[in-house]
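Heads up, the thing below is written out as structure tokens.
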Amino acid sequence: MDAAVFRLFLQPLVENSLLHGIRGSKQKGYVKVSIQKRGERLRCCVMDTGAGMTKEEKAGLESRFSSDDAGGIGLANLYRRLVLRYGEDSALRVWSKKGMGTAVSFYIPCEKMNV
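Right under this line is the structure:
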């Protein structure tokens, strides 16, 4: 595709899937990166078959996205960049189930690269 995407949008998602989802598991794990064009937007999603989170853990993670006390975590930085550049509709969305894995996605406008 010739769509413009900021560098390092996917890196923190993949890194978190590996470090917090897959690492430490005795079973084989998978990370899937998908980018799909949906109308005039791109849907970017990183899914893993790792540890997953409880509802409480997921809520704690999401609360740190917009907190000034996020501690510089990669997802909080990505959340802020997405919202600043594209607005709340592009904020990170998290789905997770303990023992099953996690998916994190965001939407951005499909803008052409100036090549």
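In short: position in the sequence shown from 1, add 1048, done, that's our numbering.
Positions of the beta carbon are idealized from the N, C-alpha and C atoms, including for glycine.
Just so it is clear, the structure is predicted and the values come from calculations on it, not from any experiment.
- Taking a contact to require three or more Cβ pairs closer than 8 Å, the region 1120-1127 and the region 1075-1095 do not qualify as touching.
- It is roughly 22 Å from the alpha-carbon of leucine 1109 to the alpha-carbon of serine 1082.
- Between isoleucine 1156 and tyrosine 1134, the beta carbon gap of about 5 Å places them in contact (Cβ cut-off 8 Å).
- Rounded to the nearest whole angstrom, the CA to CA distance from leucine 1132 to serine 1138 is 9 Å.
- Within its own chain, the residues whose Cβ lies closer than 7 Å to the Cβ of methionine 1148, once the five positions on either side in sequence are excluded, are Gly1100, listed in chain order.
- For tyrosine 1155, the enclosing beta strand (DSSP E) begins and ends at 1149-1157.
- Taking every protein chain shown into account, the CB of serine 1144 has 16 or more other CB atoms within 10 angstroms, so this residue is buried.
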